[in-house]
Amino acid sequence: MQVHFSILGPVEITVDGQATALAPRHRGVLTYLLLNDGRVCTIDRLVDAVWGLDAPVTARAQIHAALTAIRRVLRNTDAASVIETRAAGYVAHPTPDQFDLAEFTGHVAAATREADTHAAAAKLRTGLALWRGDALADLTADYVAGARARLHEQRLSAFERLMDLELSLGSHELLLDELIAALAENPLRERLAGQLMLALYRSGRQSDALATARSLRNTLVERHGLDPGSSFSELEQAILRDDPRLRLPANHTDAEPVESHRPATSSPTPPPSPNPPPRRTNFLPYDIPDFAGREAELNRLGAAPCGSGGVVAVDGMAGVGKTALAVHVAHRLTDRYPDGQLFVDLQAYAADGAALAPAAALEILLRQIGIPPNRIPADESDRGALWRTELIGRRIVTVLDNAADTNHIRPLLPAATDSLILITSRRRLVDLDGAQAVSMQVLPPRDAVALFEQIVGERAAAQPVAALDVLQLCGFLPLAVRIAAARLLHRPQWTVSYLAERLRDERRRLAELSTSERGVAAAFALSYSQLTSGQQRMFRLLGLLPGRDVDPAAAAALAGLPCSDDAELVLEGLLDVHAATQQEPGRYLLHDLLRAYAAAIVAADESDIARDDSLSQLLDHYLHTARAAVDLRFRHSAADRSPLPPATVTITAFEDPDAAAAWLHAERDNLIAATLHAADHDRLAYARDMAATLRPYLDGYSHHADAVRLHAVALAANRRLADGSGEARALTDLGWTCWRQGEYPDATQYSEQALTAARTSGDRFEEARAHNTLGNICWRQRDLAEAYGHFQTALRLTREIGNRSGEAHVLGSLALVLDESQYPQARDHLDRALVLHRQADNQLGEALVLDKLGTLCRRHGMLDEAHRYHRQAVELFGSLGNRSDMAAALNGLGETVRACDDAAQAIRDHSAALELATETGNTPALAGAHDGLARAHHLRGQLDLARRQAALALNLFETLGLPEAGDVAEFLAGLP
302 MQVHFSILGP
312 VEITVDGQAT
322 ALAPRHRGVL
332 TYLLLNDGRV
342 CTIDRLVDAV
352 WGLDAPVTAR
362 AQIHAALTAI
372 RRVLRNTDAA
382 SVIETRAAGY
392 VAHPTPDQFD
402 LAEFTGHVAA
412 ATREADTHAA
422 AAKLRTGLAL
432 WRGDALADLT
442 ADYVAGARAR
452 LHEQRLSAFE
462 RLMDLELSLG
472 SHELLLDELI
482 AALAENPLRE
492 RLAGQLMLAL
502 YRSGRQSDAL
512 ATARSLRNTL
522 VERHGLDPGS
532 SFSELEQAIL
542 RDDPRLRLPA
552 NHTDAEPVES
562 HRPATSSPTP
572 PPSPNPPPRR
582 TNFLPYDIPD
592 FAGREAELNR
602 LGAAPCGSGG
612 VVAVDGMAGV
622 GKTALAVHVA
632 HRLTDRYPDG
642 QLFVDLQAYA
652 ADGAALAPAA
662 ALEILLRQIG
672 IPPNRIPADE
682 SDRGALWRTE
692 LIGRRIVTVL
702 DNAADTNHIR
712 PLLPAATDSL
722 ILITSRRRLV
732 DLDGAQAVSM
742 QVLPPRDAVA
752 LFEQIVGERA
762 AAQPVAALDV
772 LQLCGFLPLA
782 VRIAAARLLH
792 RPQWTVSYLA
802 ERLRDERRRL
812 AELSTSERGV
822 AAAFALSYSQ
832 LTSGQQRMFR
842 LLGLLPGRDV
852 DPAAAAALAG
862 LPCSDDAELV
872 LEGLLDVHAA
882 TQQEPGRYLL
892 HDLLRAYAAA
902 IVAADESDIA
912 RDDSLSQLLD
922 HYLHTARAAV
932 DLRFRHSAAD
942 RSPLPPATVT
952 ITAFEDPDAA
962 AAWLHAERDN
972 LIAATLHAAD
982 HDRLAYARDM
992 AATLRPYLDG
1002 YSHHADAVRL
1012 HAVALAANRR
1022 LADGSGEARA
1032 LTDLGWTCWR
1042 QGEYPDATQY
1052 SEQALTAART
1062 SGDRFEEARA
1072 HNTLGNICWR
1082 QRDLAEAYGH
1092 FQTALRLTRE
1102 IGNRSGEAHV
1112 LGSLALVLDE
1122 SQYPQARDHL
1132 DRALVLHRQA
1142 DNQLGEALVL
1152 DKLGTLCRRH
1162 GMLDEAHRYH
1172 RQAVELFGSL
1182 GNRSDMAAAL
1192 NGLGETVRAC
1202 DDAAQAIRDH
1212 SAALELATET
1222 GNTPALAGAH
1232 DGLARAHHLR
1242 GQLDLARRQA
1252 ALALNLFETL
1262 GLPEAGDVAE
1272 FLAGLP
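The sequence shown begins at 302 in my numbering and counts up by one.
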């Protein structure tokens, strides 16, 4: 089968020329992957692309659902390899003949290389013929507007190049209709207007050519107040004087193409004001005109008590914009403080390390308020007294920039005064009594976008997704944003997406964010030099973190400190000077750019052996603490896990299972990152052991996307280690996780491979688990005979090896594949499973059996019992935090109350299931919720709602490939 992706018009996937159905949102996700051909897209990046800054809480679940649907369609068209899953996300790599954009760019590139003018024009014509209208014509995702504009620009540039070539070939009369239509669609395009003017002139229509020029001039003035560029004006003048150089030479096939006419970007200089305001005593630096955002800080600093004097200390990390904010506020408050606006740089973070002494700062301040040099005392205390005296009765705003600490600033503070003192420092001035503190964070995304667009202009607005990528890579740090924007502004050939690609290289990012006069790394170096030796070492080592943040226990392991209290003291010191940040109590992290700086200096200042030892200690802490937490939270399966090597560091102890679960929740991202890092650096046994350790946690709390990544890494590690049992375990874990997500073909493939690996290695434990997964897949697909066979085999194996927990799970599954005449046997299986789970204190297994008891009772008309069991299951799943299985139990509850003709309660139960299933990415439960809502609305006579919900259920069941699709289709067909 030949699959082809078309985006140069309405988005289509065709197989052998026939269009394939895919929902609009799913086409939007697929198109974004195709536009990023060859580049890995994380789930977070896909969420940003689809929704921008307004992503719903279900965004990640919706992206996972879209990817599942996309991969299913591609699998059915023998094109599964087009979308590949990587550890960091997903990547598309269609072949050039599968993707119309690649075909188009290929033709354009070939035309550029072609020396023959006729051949080059033909290649451009072929490429432009691939366009079927506006690109991405039927998509509405957040990234679409910017992507469509970029593609339109590519199309227009190719068209203009074609016009140049064909004008040089003497085809001016044949081009008139095309050029008139193109200019009508792009009335501000100077190059198109110039080409039309030249074609008209060469066709003997000089007056029409000049009329075209006048029309463009008027349009530019009316819309933007601009005149055309110099190239356009020169062409206009040449046409006016009938310049013979505009005519084609006798051998016109060798004529040069018409030059491009680029739009003017400068605006007229405004005339000086006839009545300039009177000059004031103002020593404030330049107030940047493109200051953006910071509304909360501005409102706070502009209100009382700031408006009536006092001391305000503004602190924040290097480059966060403290000085810009303080200067901007001081300029805004000049009317409130008419007696002067003063500024002193205290130089606490100067490159030479020499901060300005308080006595020198006082001399500068006294001179700024007009005190002659001969009146300024030599002694610091006398200068301070004079300063305080002179401020009496005056209303002055003073910015004291770059203070080192409280002792540095205290001699400069006035007594009670109506003046305002604004202090900036990289350190939190906690000992400055009576001062108002304003701690600055990085810019909110909307403010960062506004700042970037103010500096860069239309290019940023035209590529909003790429602009957001740049800002995220800058960590929303104002200094970094300004440097990135300045580089783009002064490189007109660069696009925003090109800058983003340069910044994605972590090794070069800090170098990219520098100019000849300033740089992010230089600002960080000054802050680093002010730290104590212990703080410097901890800061460096934090650059080794594979995850995002760290708690004191993990930091102690990383730095080899005796206990977490010692680490916490150092971390709090870093927090005080904004070398680290804290988004929740007890957890510390570095800003992305500070982290890149820390990674650079740890590589330079620590030996390979020292770095490896520190990282090994951290990984050891994570693995053994995770095992302790999982064994406590999932005690029933602790004996099933293989022992770990002895710990070399202190392991965090937990008071109870809830504390263990809380630690796992807090550290989940770090544990995943540590495992991926270990696998990438040949710590294969570590990756194997961590994946096996976290399996019950990731499954029990519905972190299925993380589970797939982790078990895939474990599979590769076990194969490299030639660990047959480990390979079988990883394959079984992958199969079970895919079953959870409704990806039944993948689940079947992994589970069948697991059976082979388990039999080869003699691992009967994993063989039983694989049979159990295959039985569940067959049960979902209503192949009850096949399911029964797998469950019976799994039951025999679990009993032979004495796996009571596994036996209980299999008994629970086996009960639901027995036919209605075997109710006593099914009930006996479930009762036995319930006893086994309770004996093992397996509350999750108990909840699963309670839900199945509800299903069994409902099938046999025992609705009161069914309601009781489903309700117990819902409550137990809720207490365990298992929201995915809770969704399925709520669906069972909804079906039960609907069978009792309580449609209103059924709607409430299925709606709650819908919310949980969407949140956790449980597609089968999501389909069931829509189906239940359809039937409940039908029971209430709400036929439109029933039809709408049934259609959603049908789409999901068809995507999953489940036989319930036929049931829903029959239900829909029966609606009046």
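Backbone N, C-alpha and C define an ideal beta-carbon position, used for all residues, glycine too.
Identify every residue that forms a DSSP beta bridge with VAL392. To locate residue 392, count along the sequence shown from 1; it is residue 91. GLU385, per the DSSP bridge assignment.
By a C-beta neighbour count over all protein chains shown, 10 Å radius and 16 as the cutoff for buried, is SER828 buried or exposed? Locating residue 828 in the sequence shown gives position 527, where the first residue counts as 1. By the neighbour-count rule (16 or more Cβ atoms within 10 Å), SER828 is buried.
Got a sec, what are the start and stop residues for the beta strand (DSSP E) ILE722 sits in? One-based indexing of the sequence shown puts residue 722 at position 421. Looking at the DSSP string, the run of the beta strand (DSSP E) that includes ILE722 is 721 to 726.
Looking only at its chain, what residues have a beta carbon closer than 6 Å to the beta carbon of PHE592, apart from the 5 residues adjacent to it on each side? Position 291 of the sequence shown, counted from the first residue, corresponds to residue 592. Excluding residues within five positions, the ones whose Cβ falls inside 6 Å are HIS629.
Please report how far the alpha carbon of THR1260 lies from the alpha carbon of LEU1227, in whole angstroms. Stepping through the sequence shown from its first residue, residue 1260 is reached at position 959. Stepping through the sequence shown from its first residue, residue 1227 is reached at position 926. Their Cα atoms are separated by approximately 12 Å.
My understanding is that LEU985 touches ALA1018, with C-beta atoms under 8 Å, so please give their C-beta distance in whole angstroms. Counting from 1 along the sequence shown, the entry for residue 985 is found at position 684. Counting from 1 along the sequence shown, the entry for residue 1018 is found at position 717. Going by Cβ atoms, the distance from LEU985 to ALA1018 rounds to 4 Å, so yes, they are a contact pair.
Can you tell me the Cβ-Cβ gap for THR976 and ALA992, rounded? I've got them flagged as a contact below 8 Å. Position 675 of the sequence shown, counting from 1, holds the residue named residue 976. Position 691 of the sequence shown, counting from 1, holds the residue named residue 992. About 6 Å; that satisfies the 8 Å criterion.
Counterpart residues of CYS1039 in DSSP-defined beta bridges: In the sequence shown, counting from the first residue as 1, residue 1039 sits at position 738. Per DSSP, none; premise fails for CYS1039.
Just the C-alpha distance for ARG896 and SER908, rounded to the nearest angstrom, thanks. As a first step, residue 896 must be located in the sequence shown, where it is residue number 595. As a first step, residue 908 must be located in the sequence shown, where it is residue number 607. Rounded to the nearest angstrom, the two C-alpha atoms are 18 Å apart.
Report buried or exposed for PRO1225, applying the criterion of at least 16 other Cβ atoms within 10 angstroms of its Cβ. As a working note, residue 1225 is residue 924 in the sequence shown. So PRO1225 counts as buried.
Delimiting residues of the beta strand (DSSP E) encompassing ILE314: Locating residue 314 in the sequence shown gives position 13, where the first residue counts as 1. Run containing ILE314: 313 to 316, per the beta strand (DSSP E) assignment.
Rounding to the nearest angstrom, what Cα-Cα distance links LEU1117 and LEU870 in this structure? Here residue 1117 is taken as the residue at index 816 of the sequence shown, counted from 1. Here residue 870 is taken as the residue at index 569 of the sequence shown, counted from 1. Near 57 Å, if we compare the C-alpha coordinates of LEU870 and LEU1117.
CB contact flag (LEU859, SER915, <8 Å): Along the sequence shown, read from residue 1 onward, the residue named residue 859 stands at position 558. Along the sequence shown, read from residue 1 onward, the residue named residue 915 stands at position 614. Their beta carbons are under 8 Å apart, which means LEU859 touches SER915 by this criterion.
For ALA880, the nearest candidate out of ALA855, LEU842 and SER1185 (CA to CA): For the purposes of this step, residue 880 is taken as residue 579 along the sequence shown, with counting starting at 1. Of the listed residues, the one whose Cα sits closest to ALA880 is LEU842.
Classify LEU501 as buried or exposed, calling it buried when 16 or more other Cβ atoms lie within 10 Å of its own Cβ. One-based indexing of the sequence shown puts residue 501 at position 200. Under this definition LEU501 is a buried residue.
Evaluate contact between the region 447 to 456 and the region 429 to 439, counting only Cβ atoms and requiring at least three cross-stretch pairs below 8 Å. yes
Counted within 10 angstroms of its Cβ, other Cβ atoms place ASN519 as buried (16 or more) or exposed: Here residue 519 corresponds to residue number 218 of the sequence shown, with the count starting at 1. Classification of ASN519: exposed, given that the 10 Å Cβ count is below 16.
Please confirm whether any heavy atom of the ligand FMN lies closer than 7 Å to the CB of ALA422. The ligand content of the structure shown is nil, which means the ligand FMN is not present either.
Under a three-way DSSP split, which group does ASP770 fall into? The residue labelled residue 770 in the question sits at position 469 within the sequence shown. Reduced to three states, the DSSP call for ASP770 is helix.
Checking the sheet assignment: what are the DSSP bridge partners for GLN642? Counting from 1 along the sequence shown, the entry for residue 642 is found at position 341. According to DSSP, GLN642 bridges with ASN583 and VAL698.
What runs of the beta strand (DSSP E), each 3 residues or longer, lie entirely inside the region 806 to 839? none
Cutting at 6 Å between CB atoms, please list the residues of its own chain near VAL851, excluding the five before and the five after it. On the sequence shown, position 550 is the one that residue 851 refers to. Excluding positions up to five away in sequence, the list reads TYR889.
Thinking just about the alpha-carbon of each residue, which of PHE935, ARG1070 and ASN703 is nearest to the one in GLY617? Against the sequence shown, residue 617 aligns to sequence position 316. The residue with the shortest Cα to Cα distance from GLY617 is ASN703.
Proximity below 8 Å, CB of ARG936 to CB of ASP1142: Taking the sequence shown and counting its residues from 1, one reaches residue 936 at position 635. Taking the sequence shown and counting its residues from 1, one reaches residue 1142 at position 841. In contact: ARG936 and ASP1142 (Cβ atoms closer than 8 Å).
Taking ALA614 as part of the beta strand (DSSP E), name the residues at either end of that continuous run. As a working note, residue 614 is residue 313 in the sequence shown. ALA614 -> beta strand (DSSP E) spans 611 to 616.
Could you check if VAL304 is buried or exposed, using at least 16 other CB atoms within 10 Å of its CB as the buried criterion? Stepping through the sequence shown from its first residue, residue 304 is reached at position 3. Buried: at least 16 other Cβ atoms inside 10 Å.
Going by C-alpha distance, which of GLU691, GLY1025 and LEU1244 is nearest GLY1275? The residue you call residue 1275 lines up with position 974 of the sequence shown. Here the closest residue by C-alpha is LEU1244.
Cα-Cα separation between SER1114 and LEU1151, rounded to whole angstroms: Within the sequence shown, numbered from 1, the residue matching residue 1114 stands at position 813. Within the sequence shown, numbered from 1, the residue matching residue 1151 stands at position 850. Approximately 12 Å between the Cα atoms of the pair.
Spatial distance of VAL409 from ASP398 (CA atoms): By one-based count along the sequence shown, residue 409 stands at place 108. By one-based count along the sequence shown, residue 398 stands at place 97. VAL409 and ASP398: Cα-Cα distance of roughly 15 Å.
Would you call the region 1203 to 1211 in contact with the region 1228 to 1243, where contact means no fewer than 3 C-beta pairs closer than 8 Å? yes
Using the three-state DSSP reduction, which class does THR1061 fall into: helix, strand or coil? Translated into positions along the sequence shown, residue 1061 becomes position 760. Helix.
Reduced DSSP category for VAL304 - H, G, I as helix; E, B as strand; rest coil: For this step, residue 304 is matched to residue 3 along the sequence shown. VAL304 falls in the strand class under three-state DSSP.
Which residue from ALA785, PRO997, LEU429 and GLU1196 puts its Cα closest to that of LEU814? Along the sequence shown, read from residue 1 onward, the residue named residue 814 stands at position 513. Of the listed residues, the one whose Cα sits closest to LEU814 is ALA785.
Just the Cα atoms here: how many angstroms apart are THR427 and ARG456? Indexing the sequence shown from 1 puts residue 427 at position 126. Indexing the sequence shown from 1 puts residue 456 at position 155. One C-alpha to the other measures close to 12 Å.
Could you give the distance in angstroms between the alpha-carbon of ILE670 and the alpha-carbon of PHE584? Walking along the sequence shown from the start, residue 670 turns up at place 369. Walking along the sequence shown from the start, residue 584 turns up at place 283. In a straight line, the C-alpha of ILE670 is about 10 Å away from that of PHE584.
Segments of 3+ residues assigned as beta strand (DSSP E) that fall wholly inside the region 734 to 779: 737 to 740
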